[in-house]
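Structure first, then comments.
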Amino acid sequence: MKLILVFGFLFAAVASQSNEPSEHDRHRQFCMTKTGIDRATVMKIRNGDFNTDDENAKCFLKCYFQQKGLINDADDIRIDMIVSSVATELGTNENTNEKLKKCILQGKSSNGCETAYNIYKCFRSELALPRSPRDRS
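Residues in the sequence shown are numbered from 15 upward in steps of one, following this note's numbering.
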């Protein structure tokens with residue numbers, strides 16, 4: 015099963031055969047607890063529904079990106095890590111890399127939560143990511 019993670023990519027994980035939570039699940043649960051966001055909202059964002067753009071949603075993405083090493087604690091974007099993560103999940107080509115760079119440049123904000131949200135939203139749009147194939151609890 016192809017894992018879609020973009021930054022997230024961020025939000026779909028390969029089904030695990032064990033009862034141990036995946037790295038994705040641990041990061042997601044940690045950030046849900048930290049930001050107070052509910053699972054339903056996380057699933058909406060994961061599937062590209064950006065009608066819920068409250069601060070908790072934005073800060074959830076920032077937290078998740080930090081957990082994945084895509085943004086550091088100073089809110090600096092780690093372009094190398096993003097490109098590597100996307101290449102691992104979706105393959106790589108010049109067009110994809112250009113779209114990633116475009117999203118990163120256009121998404122920057124003085125607010126780390128806003129930056130993460132803008133970048134993820136752009137990724138979903140520019141890379142035409144499909145909806146998540148499943149919901150995990």
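The C-beta atom is built at its ideal place from N, Cα and C for all residues, glycine as well. This one's a predicted model, so the numbers in the text were calculated from it and none came from an experiment.
Reduced DSSP category for Ile91 - H, G, I as helix; E, B as strand; rest coil: As a first step, residue 91 is located in the sequence shown; it is residue number 77 there, counting from the start. Note: Ile91 maps to strand in three-state DSSP.
message: For Ile59, list the residues DSSP reports as bridge partners.
response: For this step, residue 59 is matched to residue 45 along the sequence shown. Paired residue(s): none; Ile59 is not in a bridge.
message: Taking the beta carbon of Asn132 as the centre, do at least 16 other beta carbons fall within 10 Å, making it buried, or is it exposed?
response: Taking the sequence shown and counting its residues from 1, one reaches residue 132 at position 118. Asn132 is buried by the Cβ-count criterion.
- prompt: If we ignore side chains and look at the alpha-carbon of each, how far apart do Lys122 and Pro35 end up?
  reply: Translated into the one-based positions of the sequence shown, residue 122 becomes position 108. Translated into the one-based positions of the sequence shown, residue 35 becomes position 21. Those two C-alpha atoms are separated by around 32 Å.
message: Can you tell me whether Ser124 is buried or exposed? The criterion is at least 16 other CB atoms within 10 Å of its CB, across all chains shown.
response: Here residue 124 refers to the residue found at position 110 when the sequence shown is read from its first residue. The residue in question, Ser124, is exposed, as its Cβ has fewer than 16 Cβ neighbours within 10 Å.
query: Helix, strand or coil for Ile51 per DSSP?
result: Locating residue 51 in the sequence shown gives position 37, counting from the first residue. Reduced to three states, the DSSP call for Ile51 is coil.
message: What residue range does the alpha helix (DSSP H) around Thr110 cover?
response: Reading the sequence shown from its first residue, position 96 is the one you call residue 110. Secondary structure note for Thr110: its alpha helix (DSSP H) is the uninterrupted segment Glu108 to Gly121.
Alpha-carbon to alpha-carbon, Ser139 and Ile118: Counting from 1 along the sequence shown, the entry for residue 118 is found at position 104. Counting from 1 along the sequence shown, the entry for residue 139 is found at position 125. So the two alpha carbons sit approximately 13 Å from each other.
Own chain partners of Ile85 with C-beta closer than 8 Å, once the 5 adjacent residues on each side are dropped: As a first step, residue 85 is located in the sequence shown; it is residue number 71 there, counting from the start. If we look at Ile85 and ignore the five residues flanking it on each side, its Cβ neighbours are Lys76, Phe79, Ile91, Arg92, Gly126, Thr129 and Ala130.
query: Exposed or buried, what is Thr49 when buried is set at 16 or more other beta-carbons lying within 10 Å of its beta-carbon?
result: Within the sequence shown, the letter at position 35 stands for residue 49. So Thr49 ends up on the buried side.
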